Amino acid sequence: MTHAATPISHDSATADFRDGILHFGTLSTEFAPLGQTPVIGEGRAAIDAIDDAAVQQTQWAADALRYLTLQLCASKQSGHPGGFASAADAYAALVMLGHTNIVTEVGHHAPGFYSAMFLDGSLESMGIHTLTELQARFRERDGLLGHLSGAIPGLLAPAGPLGQGQHFAMAGAYLNRDRLFPCTIGDGGLGEPYILSAMKHFHTAYPEVTNFLPVLVWNGYSQEHHSMVSLMDNDAMTAYWRAHDFERVILIDAKDFDDAGQEGAYVDSTRFSPEARLAFSRAVLEGMQAAAESALGGTLTAVILKQLKGAGVHASGAKSHNLYPGDTAEKPNIAAALERGALAPEIWALTRTNMSRAGGGPAARTVVTEFERQLPEIGQLPLHEFARGEQAVPASAMATLVAELGQRDPLFVVTNADGNEASAMKAINDALKIRHPTADPLYNQSPSGQVYEPLNEDACAGLAAGIALFGGRSLWLSYESFAINGWPIVQTVGQAMAELRRKTPAMVSMFTAGALEQGRNGWTHQRPEIENYIGGQVRNGNVYLLYPTDANMIQAAYAWAVEQSNKCISIVASKSALPVHTTLDQAREAIERGATCLYESAQGARGTVVFAVTGDLVFQPVFAAKERLEAAGYRVRIVAVVNPRRLYRERDVAWSHSAQPDDRFMSDAEFEALFAGEALIGVSGGGTVALEPVLLRSRAAGRDLIGWQRGETTASPAEIMAYNGISPESLEQRALELLDSEVARLDRAA
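Just so we're aligned, residue 1 is where the sequence shown starts under full-length UniProt numbering, counting upward by one.
The structure is reproduced here in structure tokens:
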């Protein structure tokens with residue numbers, strides 16, 4: 001029996017958190033013997049024992065989470081209640097056992113996680129004290145976005161794209177060996193690249209780090225249909241996880257407790273009799289306790305909770321996944337579910353007390369990502385100054401700094417799927433060693449190495465991004481051609497860093513073997529378009545795409561990057577020996593200002609051509625074109641566009657929305673001094689989006705943009721550049737066309 005809630009009117013800070021609950025249940029007979037005292041005592045962080053009271057109060061916590069999740073979604077007629085509803089028992093058990101450093105790969109579980117943060121009091125720091133306020137802020141700007149954000153108090157990491165959460169769990173476990181990091185995984189997303197393979201490789205590399213706990217929510221359905229693993233039986237699913245190195249797999253199947261005669265392999269535990277429900281809740285609690293002890297004790301462990309999607313809410317299966325316009329709390333099936341799951345006010349109060357004590361206090365005050373991680377002091381990295389005109393390999397120059405950083409910070413991790421030697425960065429392997437169970441000095445392998453090398457860009461990017469988000473230092477290295485396979489999680493983490501309330505080291509990546517160096521490998525290795533993808537994110541406010549011109553400047557770029565916080569920084573550079581154009585002082589200034597002049601003609605009466613260039617190897621045809629134009633009587637200025645984010649106008653970039661705002665932009669006077677001329681040609685050996693700010697601000701009468709078009713098999717960089725229209729002859733011709741057009745315009749005006 002339920003009754004409608006009576007509105008409670010108080011000031012927000014002192015209001016009853018239950019204000020806004022639409023339905024209250026009558027107090028059950030179980031409350032007197034099992035609910036008089038919170039099972040998580042004052043000053044305690046978890047239950048002391050799994051007794052009848054603990055089981056009942058854990059079940060009430062799961063029911064409270066289900067109720068809140070459904071009413072919260074109904075308040076906006078949108079959101080995803082069904083998936084979390086089937087996971088609520090597992091989540092409640094973890095919390096009651098004191099394990100609150102919980103991440104997820106399921107962004108659709110967001111309303112459930114928000115409900116948990118509301119119940120434990122974490123959202124009060126956002127001004128959310130009541131359910132009414134929670135509903136008002138759900139799916140609204142400056143509130144609780146539709147998919148998880150680590151910016152929400154108490155939540156450790158974002159979740160939206162599937163297949164990412166396990167990386168955060170492993171990173172958290174790597175950096176915090178004494179804490180458990182559960183990660184809920186939906187069976188609908190289990191096939192996403194590359195959840196199980198990522199954990200298997202991590203376990204091979206770090207067999208001692210087992211304090212992460214994947215929890216598979218096996219509910220039989222995906223977003224709009226049955227999940228692709230719905231036909232597997234329990235033995236097959238257990239074997240699937242065991243094949244990926246999980247020594248212990250604990251499977252709790254709700255079907256084993258069903259006394260309601262439900263059909264099919266997946267059933268709803270909320271339909272059981274009270275006795276069967278308690279037996280199921282006890283099994284979940286005991287299974288979670290055993291799993292936590294196992295994982296913390298050195299055994300790679302997984303939990304599988306098998307329960308029908310939508311358990312306890314308005315619909316079951318994929319039909320429970322999402323609410324649509326018209327799905328209000330008054331709609332008959334939703335109202336019926338809320339009435340069926342309603343709890344007495346006293347049970348709400350008891351549940352809040354337990355959850356606010358679990359883990360040592362509200363998650364917003366206790367989980368590891370609510371604190372700025374203390375890092376080892378690394379001091380100034382030793383930069384080596386190459387002489388102007390000297391030939392040096394940019395990637396190798398950076399490798400020396402990376403190796404030194406790793407020796408100063410033992411938890412620093414370098415990830416690379418294609419091999420550091422292949423990118424002319426062998427110095428990293430020599431100093432830090434590849435993490436591998438087989439010790440082999442010939443291949444720089446060691447079980448204690450700091451170089452993580454799964455042949456999987458997603459796993460490389462995921463661990464590096466997770467470590468950075470959780471407060472550690474990392475570096476992801478990749479071929480530019482293949483980086484797109486790992487970029488989505490870097491993009492996710494970059495946005496998350498912009499929202500964080502704490503400082504964390506920048507997510508740093510470096511991409512070598514640009515398209516121009518991969519002639520003989522052909523178009524399969526010539527994919528610089530990721531530069532456009534990253535360049536398109538620079539307007540976010542905390543994303544930086546750096547183009548060092550030489551071995552001196554790449555050192556300045558990396559030294560700058562490791563000092564930054566809450567930024568997403570990518571460096572694009574070559575692995576070929578190239579001329580050094582800058583001094584270290586000029587390089588440092590270029591990184592900060594955004595651009596630097598590499599060359600300017602001493603004279604030239606026929607007009608000025610400005611080449612604005614991103615890259616390093618691509619300067620070869622530009623300097624050759626300069627010779628031809630000077631011989632024809634023109635003045636030429638060659639400007640390296642190094643940090644294009646600095647070249648935007650202040651209004652172009654959402655810098656003010658970043659947690660660690662960076663408002664440095666090149667002034668108009670500085671810009672004109674660098675880029676003023678009769679003709680301006682932007683040149684890139686890759687994507688051209690990074691040159692957008694130059695074209696936006698340039699006042700040159702003649703402007704053009706020349707960059708990568710498509711790949712082909714060639715014998716040399718010069719040949720692939722010429723194939724793409726980047727040759728001394730084509731650059732000269734285009735400059736003359738622009739200058740002739742300007743002369744003609746002036747003649748017409750005269």
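Quick reminder that beta carbons are idealized off the backbone N, C-alpha and C, glycines included. The model shown is predicted, which means the values in this text are computed figures rather than measured ones.
Exercise. Determine, using beta carbons only, whether ALA464 and THR504 come nearer to each other than 9 Å.
Key: As a position in the sequence shown, residue 464 is number 464, starting the count at 1. As a position in the sequence shown, residue 504 is number 504, starting the count at 1. Contact flag unset, no.
Quiz item: Can you tell me the Cα-Cα spacing of THR6 and LEU72, whole angstroms?
Solution: For the purposes of this step, residue 6 is taken as the residue at position 6 of the sequence shown. For the purposes of this step, residue 72 is taken as the residue at position 72 of the sequence shown. With a pLDDT of 42 at THR6, under the threshold of 50, the predicted position of this residue should be treated as unreliable, and no value is reported.
Practice problem: Starting from LYS306, follow its DSSP beta bridges and name the residues at the other end. | Solution: Within the sequence shown, numbered from 1, the residue matching residue 306 stands at position 306. Per DSSP, the beta bridge partners of LYS306 are TRP218, ASP253.
Quiz item: Beta carbon of ILE21, beta carbon of TRP348: below 9 Å?
Solution: Counted from its first residue, the sequence shown places residue 21 at position 21. Counted from its first residue, the sequence shown places residue 348 at position 348. Between ILE21 and TRP348, the C-beta gap is smaller than 9 Å, which places the two residues in contact.
Self-check item: For HIS109 and ASP233, the rounded distance between their alpha carbons
Solution: Here residue 233 is taken as the residue at index 233 of the sequence shown, counted from 1. Here residue 109 is taken as the residue at index 109 of the sequence shown, counted from 1. Between ASP233 and HIS109, the C-alpha separation is close to 25 Å.
Quiz item: Just the Cα atoms here: how many angstroms apart are GLU133 and ASP19?
Solution: As a first step, residue 133 is located in the sequence shown; it is residue number 133 there, counting from the start. As a first step, residue 19 is located in the sequence shown; it is residue number 19 there, counting from the start. Looking at the two C-alpha atoms, the distance is approximately 9 Å.
Quiz item: On the three-state DSSP scale, how would you describe THR6?
Solution: Position 6 of the sequence shown, counted from the first residue, corresponds to residue 6. Annotation note: pLDDT 42 at THR6 (below 50); position unreliable, no value reported.
Exercise. Report the three-state DSSP secondary structure of GLY154 (helix, strand or coil).
Key: Numbered from 1 along the sequence shown, position 154 holds the residue referred to as residue 154. Here GLY154 sits in coil by DSSP.
Quiz prompt | Which of helix, strand or coil DSSP assigns to TYR114 | solution = Looking up residue 114 in the sequence shown gives position 114. Secondary structure at TYR114: helix, using DSSP grouped into helix, strand and coil.
Self-check item: Cutoff 7 Å; reference THR58; Cβ partners in own chain excluding five residues on either side
Solution: Walking along the sequence shown from the start, residue 58 turns up at place 58. Contacts found: ALA92, ALA93, MET96, SER281, LEU285.
Quiz prompt | Option in THR299, HIS147, LEU695 with minimal Cα separation from SER78 | solution = For the purposes of this step, residue 78 is taken as residue 78 along the sequence shown, with counting starting at 1. Checked all of THR299, HIS147, LEU695; the closest Cα to SER78 is HIS147.
Quiz prompt | Whole-angstrom distance between LEU546 and ALA595, CA atom to CA atom | solution = The residue labelled residue 595 in the question sits at position 595 within the sequence shown. The residue labelled residue 546 in the question sits at position 546 within the sequence shown. Near 10 Å, if we compare the C-alpha coordinates of LEU546 and ALA595.
Quiz item: How many angstroms separate the CA atom of LEU68 from the CA atom of PRO81?
Solution: In the sequence shown, the residue the question calls residue 68 occupies position 68. In the sequence shown, the residue the question calls residue 81 occupies position 81. Their Cα atoms are separated by approximately 9 Å.
Quiz item: With DSSP run on the structure shown, which of helix, strand or coil describes ILE334?
Solution: Translated into the one-based positions of the sequence shown, residue 334 becomes position 334. ILE334 falls in the helix class under three-state DSSP.
Quiz item: When the Cα atoms are used, what is the spatial distance from SER316 to SER269?
Solution: Here the question's residue 316 lines up with position 316 in the sequence shown. Here the question's residue 269 lines up with position 269 in the sequence shown. The alpha-carbon atoms of SER316 and SER269 are separated by roughly 12 Å.
Quiz item: Apart from the five residues just before and just after ARG734, which ones in its own chain have a Cβ nearer than 8 Å to its Cβ?
Solution: Within the sequence shown, numbered from 1, the residue matching residue 734 stands at position 734. The beta carbon of ARG734 sits closer than 8 Å to the beta carbons of ILE681, ASP704, ILE706 from its chain, once the five residues preceding and following it are set aside; these are given in chain order.
Self-check item: DSSP three-state assignment for SER574, whether helix, strand or coil
Solution: In the sequence shown, the residue the question calls residue 574 occupies position 574. Three-state DSSP puts SER574 in coil, outside helix and strand.
Quiz item: How is the beta strand (DSSP E) around ILE195 delimited, first residue to last?
Solution: Taking the first residue of the sequence shown as position 1, residue 195 is located at position 195. It is not in any beta strand (DSSP E) - ILE195 instead sits in the alpha helix (DSSP H) that spans 195-205.
Exercise. Report the rounded CA-to-CA distance for SER227 versus GLY83, giving the unit in angstroms.
Key: For this step, residue 227 is matched to residue 227 along the sequence shown. For this step, residue 83 is matched to residue 83 along the sequence shown. Their Cα atoms are separated by approximately 12 Å.
Quiz item: Can you check whether the CB of LEU70 is closer than 9 Å to the CB of HIS321?
Solution: Locating residue 321 in the sequence shown gives position 321, counting from the first residue. Locating residue 70 in the sequence shown gives position 70, counting from the first residue. For HIS321 and LEU70, no; Cβs fall outside 9 Å.
Exercise. Under 8 Å Cβ to Cβ from ARG44, same chain only, skipping five residues before and after it: list those, please.
Key: Here residue 44 is taken as the residue at index 44 of the sequence shown, counted from 1. These residues qualify, in order along the chain: ARG357.
Quiz prompt | Exposed unless 16 or more other CB atoms sit within 10 angstroms - verdict on GLN56 | solution = What you label residue 56 is simply residue 56 of the sequence shown in a count that begins at 1. With 16 or more Cβ atoms within 10 Å of its Cβ, GLN56 is classed as buried.
Self-check item: Nearest candidate by alpha-carbon position, reference GLU630, set VAL610, ASN724, LEU617, HIS225
Solution: Here residue 630 refers to the residue found at position 630 when the sequence shown is read from its first residue. Here the closest residue by C-alpha is VAL610.
Practice problem: Kindly indicate the opening and closing residues of the alpha helix (DSSP H) around ASN354. | Solution: Against the sequence shown, residue 354 aligns to sequence position 354. For ASN354, the enclosing alpha helix (DSSP H) begins and ends at 345-357.
Quiz prompt | Identity of the residues DSSP links to residue 753 by a beta bridge | solution = Residue 753 falls outside the range modelled here, since the chain spans only 1 to 750, and no answer is possible.
Quiz item: With distances taken from CA atoms, which of ALA673, LEU647, ARG651 is nearest ARG637?
Solution: For the purposes of this step, residue 637 is taken as residue 637 along the sequence shown, with counting starting at 1. Measuring from the Cα of ARG637, the nearest candidate turns out to be ALA673.
Practice problem: Could you tell me whether the region 458-476 touches the region 405-415, using the rule of 3 or more Cβ pairs below 8 Å? | Solution: Touching, yes.
Quiz item: How is ARG637 classed by DSSP in three states: helix, strand or coil?
Solution: Along the sequence shown, read from residue 1 onward, the residue named residue 637 stands at position 637. If DSSP states are grouped into helix, strand and coil, ARG637 belongs with the strands.
Self-check item: Separation of ALA74 from GLY310, as counted between CA atoms
Solution: Position 310 of the sequence shown, counted from the start, is the residue given in the question as residue 310. Position 74 of the sequence shown, counted from the start, is the residue given in the question as residue 74. Looking at the backbone, the Cα of GLY310 and that of ALA74 are separated by about 14 Å.
Practice problem: Output yes or no for whether 9 Å exceeds the beta carbon distance between GLU275 and LEU27. | Solution: By one-based count along the sequence shown, residue 275 stands at place 275. By one-based count along the sequence shown, residue 27 stands at place 27. Result no, Cβ atoms of GLU275 and LEU27 do not sit closer than 9 Å.
Quiz item: In chain order, which beta strand (DSSP E) runs of at least 3 residues are fully inside the region 498-545?
Solution: For the region 498-545, the continuous beta strand (DSSP E) assignments of 3+ residues that do not extend past its boundaries occur at 507-512, in sequence order.
Quiz item: Beta-carbon separation of ARG649 and ALA676 under 9 Å?
Solution: By one-based count along the sequence shown, residue 649 stands at place 649. By one-based count along the sequence shown, residue 676 stands at place 676. Cβ distance not < 9 Å, so ARG649 and ALA676 don't count as in contact.
Quiz item: With burial defined as no fewer than 16 other Cβ atoms inside 10 Å of the residue's Cβ, what is the status of ALA461: buried or exposed?
Solution: Counting from 1 along the sequence shown, the entry for residue 461 is found at position 461. Classification of ALA461: buried, given that the 10 Å Cβ count is 16 or more.
Quiz item: Should the region 487-497 be called in touch with the region 516-524, which here means at least 3 C-beta pairs below 8 Å?
Solution: Contact between the region 487-497 and the region 516-524 is absent: fewer than three C-beta pairs spanning the two stretches fall below 8 Å.
Quiz item: Who are the near neighbours of residue 798 in its chain, counting only those whose CB is closer than 8 Å to its CB and skipping five residues on each side?
Solution: Past the boundaries of the shown model lies residue 798; the chain is included only from 1 to 750, so the question cannot be answered.
Quiz item: In terms of DSSP beta bridges, what is ASN416 paired with?
Solution: Stepping through the sequence shown from its first residue, residue 416 is reached at position 416. The partner list for ASN416 (beta bridge, DSSP) reads LEU477.
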